[in-house]
């Protein structure tokens, strides 16, 4: 569920694909990014394993990567690595800030609050929202640092309870043409409340810690329940709803030639990822 939410609905990712010249170029970009995702198992796991062997007395595992860098690399390389880390962080942060600012300015401010706002005012609002979200992000980061849990599982756990409503609406909406707008709205509204409530209970251990399964299982269970909710509400709200004007996946692929190479590359990628999973499992 986390992968569907991030790669298919997260605005920071989607805005890059929407910037492609056409469908084919967008598919190639996604495919290239997918092959790059083969590297994280090596990038994430191998340094940790090396640090465990070289520094078995390390108390805080969150400092493993920086311990390796500062202990094994010369001064010049340390500076280069830190510069690369900062550049990657800035790239991710500015994409997120631009994404949120765009959504608020165009979808909320221009449509709901000030439909006839001049261009200068819209630009000013966009910059103001970028600044406010940046400040809010700093405080969120400080609060997360004081939680006392490892950062990776904390972030994955939070995302796991944001993902089910978006993933359910996206998949049902794309794969089933009879899905309706009221069903999507109901699923997002009720699903977000349900997911966040369950997430809060799971994080706080209420009623007991052993009562809840792992957050990834909970995310999947919520996705199944919300998918059923969207299908049910869609069937109940068919009357008076206009049919979707969006093309189906089959109709979309008919607009491009030579899609066989794209699908073949996806097949190769799937086999590689399966082999990596079996290797590390």
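Numbering (this note's numbering), first residue to last: 444 to 724. Using N, Cα and C, we set each Cβ at its ideal position, and we do this for glycine too.
By the Cβ criterion, the region 592–611 is in contact with the region 658–668, since at least three pairs of Cβ atoms, one from each stretch, lie closer than 8 Å.
For residue 470, the number of other beta carbons within 10 angstroms of its own is at least 16, and it is reported as buried.
Residue 444: not part of any alpha helix (DSSP H); DSSP gives it neither H nor E. In the three-state reduction of the DSSP assignment, residue 506 falls in the helix class, which pools H, G and I. For residue 612, same chain residues with a beta-carbon under 7 Å away, outside a window of 5 residues either side, are 627, 630, 631, 673 in chain order. Beyond the five residues adjoining it in sequence on each side, residue 488 comes within less than 6 Å, by CB distance, of no other residue in the same chain. In this structure, residue 573 and residue 540 form a Cβ contact; the two beta carbons are roughly 5 Å apart against a cut-off of 8 Å. By the CB criterion at 8 Å, residue 538 and residue 455 fall inside the cutoff.
Residue 648 sits in coil when the DSSP states are folded into three classes, being neither helix nor strand. Look at residue 470 here: in three-state DSSP terms it is helix. Taking C-alpha positions only, residue 525 is separated from residue 575 by approximately 27 Å. At a Cβ-Cβ threshold of 8 Å, residue 677 and residue 623 count as neighbours.
Per DSSP, reduced to three states, the secondary structure at residue 453 is coil, with no helix or strand assignment. Going by DSSP, residue 621 is part of no alpha helix (DSSP H) at all; its letter is neither H nor E. In this structure, the beta-carbon distance from residue 490 to residue 511 falls below 8 Å. If you look at residue 494, you'll find it in the alpha helix (DSSP H) that goes 483–497. For residue 519, the enclosing alpha helix (DSSP H) begins and ends at 518–545.
Cβ contact annotation for residue 544 (same chain, cutoff 6 Å, sequence separation greater than five): 569, 572, 573, in chain order. Burial is judged here by how many other beta carbons sit within 10 angstroms of a residue's own beta carbon; residue 587 has fewer than 16 and is exposed. In the three-state reduction of the DSSP assignment, residue 566 falls in the helix class. Close CB contacts of residue 621 within its chain, under the 7 Å cut and outside five residues either way in sequence, are with 677, 681 (chain order). Only residues of its own chain outside the window of five on either side were considered, and among them 444, 607, 610, 611 have a CB closer than 7 Å to the CB of residue 666, listed in chain order.
Boundaries of the alpha helix (DSSP H) harbouring residue 666: 658–679, taken from the DSSP string.
Pairing residue 635 with residue 497, the inter-Cα distance amounts to about 44 Å.
Excluding sequence positions up to five before and after residue 501, its CB lies within less than 7 Å of the CB of 494, 507, 510, all in the same chain and listed in chain order.
Exclusion of the five residues before and after residue 484 leaves 719, 723 as the residues of its chain whose Cβ lies within less than 7 Å of its Cβ. The beta carbons of residue 716 and residue 481 sit about 7 Å from each other, so the pair counts as a contact at 8 Å. Residue 458 is positioned such that its CB atom lies no closer than 8 Å to that of residue 534. Relative to the Cα of residue 468, the nearest Cα in the group 712, 704, 711 belongs to 704. Straight-line spacing of the CA atoms in residue 645 and residue 637 works out to 12 Å.
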